[in-house]
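In terms of my numbering, the sequence shown opens at residue 11 and continues consecutively.
Every residue gets a Cβ at the ideal spot worked out from N, C-alpha and C, and that includes glycine.
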Amino acid sequence: MQKYKFGSFVLDPEQHSLMHSGAPVSIEPKVFDLLLLLVKNAGELISRDTLIERIWQGRIVSESAISACVAAARRAVGDDGQSQAVIRTVARRGFLCCAEVEVVETADDAQSRELSLRLQFTKNREDKSLAYTVTGEGPPIIYTTFGGTSIEADWNSPFFRPLLDAIRANNTLVRFDEMGSGHSDLEMDSAGVEAVAYDLLSVADAIGLDRFSLFSQSGSALSAVFLAAHYPDRVQSMVLNGGYVEGRNVRQNTTGTPEMLGMISEGWDKPDSSFL
11 MQKYKFGSFV
21 LDPEQHSLMH
31 SGAPVSIEPK
41 VFDLLLLLVK
51 NAGELISRDT
61 LIERIWQGRI
71 VSESAISACV
81 AAARRAVGDD
91 GQSQAVIRTV
101 ARRGFLCCAE
111 VEVVETADDA
121 QSRELSLRLQ
131 FTKNREDKSL
141 AYTVTGEGPP
151 IIYTTFGGTS
161 IEADWNSPFF
171 RPLLDAIRAN
181 NTLVRFDEMG
191 SGHSDLEMDS
201 AGVEAVAYDL
211 LSVADAIGLD
221 RFSLFSQSGS
231 ALSAVFLAAH
241 YPDRVQSMVL
251 NGGYVEGRNV
261 RQNTTGTPEM
271 LGMISEGWDK
281 PDSSFL
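The following block contains the structure:
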């Protein structure tokens, strides 16, 4: 992941941080996203339509809201509407970053980011702790799979990692441990489709995502459908893989049990096996 240096400021997409002379600058998530979009495309005009699509995911936004976000970005980098030393307004066209931006990338930084995973925590509706991670940059995708996950173990798994890398290559990838598993609270007051959906929403709120896409596998597909049905203004799109309407315990004419047990047995004592 690259960092962007302009003047005495350093913008770090991976850590979602803005530093000024080595000191952190407080900045709201949406303001950070706007600043990152401008800095990454320094010298290029970013239209208001592009801002709305990338920062507000295409939602209807007032001119005052856009102006307030731009003003906040200017304040964060010591700029203002008169000097426009970093962010320039092009009348009736849009905005551009007019500062000289240096892309900072070292081998040590790249290796460190590749091997490490920053765990973050928030609370759900029942005041239980939820562990989550944010990697990559671009349109946000929240990834969920079957219960009993470990976002840290999956990150280091030769089976799951290629998929995670493919998603985060062009998107902001958000993952979280469901209640009762991984680094999230092991004690939970409720479980099921709705509970997972609301936990997902808690993570999205903690990051500051108004709208996002979902990539949900297996049992979590039901939670994705529930969330999209009850909060259509939050879910932009969905990819459902291996979902089902009826669980295995109530499904009739279940086939493939011997084959499934065979794959589990084959991969049980092989840490790098894709069959486990």
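Our contact map puts Ile152 next to Phe42 with C-beta atoms below 8 Å; I'd like the distance itself, whole angstroms only. Not really, about 18 Å apart at Cβ, beyond 8 Å.
Run of the alpha helix (DSSP H) containing Asp43, from where it starts to where it stops: Per DSSP, Asp43 belongs to the alpha helix (DSSP H) from 39-50.
To the nearest angstrom, report how far apart Asp187 and Gln92 are at their CA atoms. 46 Å
For a test of the three-state rule: what should DSSP assign to Asp220, helix, strand or coil? coil
Less than 8 Å between the CB atoms is what I'm expecting for Gly253 and Ser228, so what's the real figure, rounded? 7 Å
With DSSP collapsed to three states, give me the class of Gly91. coil
Buried or exposed: where does Gly146 fall if 16 or more other Cβ atoms within 10 Å of its Cβ makes it buried? buried
Ignore the nearest five residues each way along the sequence and tell me which others in Val87's own chain have a CB closer than 6 Å to its CB. Phe19, Val96
Just to confirm my understanding: we take Ser233, look at its own chain, exclude 5 residues before and 5 after, and list those with CB closer than 6 Å. What are they? Val203, Val206, Ala207
In terms of residues, what are the limits of the beta strand (DSSP E) holding Ile70? That residue, Ile70, is in no beta strand (DSSP E); it is neither H nor E in DSSP.
For Ile177, is the classification buried or exposed, using 16 other Cβ atoms within 10 angstroms of its Cβ as the cut-off for buried? buried
Suppose the cutoff is 6 Å on Cβ atoms and the five residues either side in sequence are ignored; what does the same chain contact list for Gln121 look like? Confidence in Gln121 is poor, its pLDDT being 48 and thus under 50, which makes the residue's placement unreliable; the coordinate value appears in the next sentence. Excluding positions up to five away in sequence, the list is empty.
Using CA atoms only, rank isn't needed, just tell me which of Arg185, Val144, Gln25 is closest to Thr159. From the listed residues Arg185, Val144, Gln25, the smallest Cα separation to Thr159 is found for Arg185.
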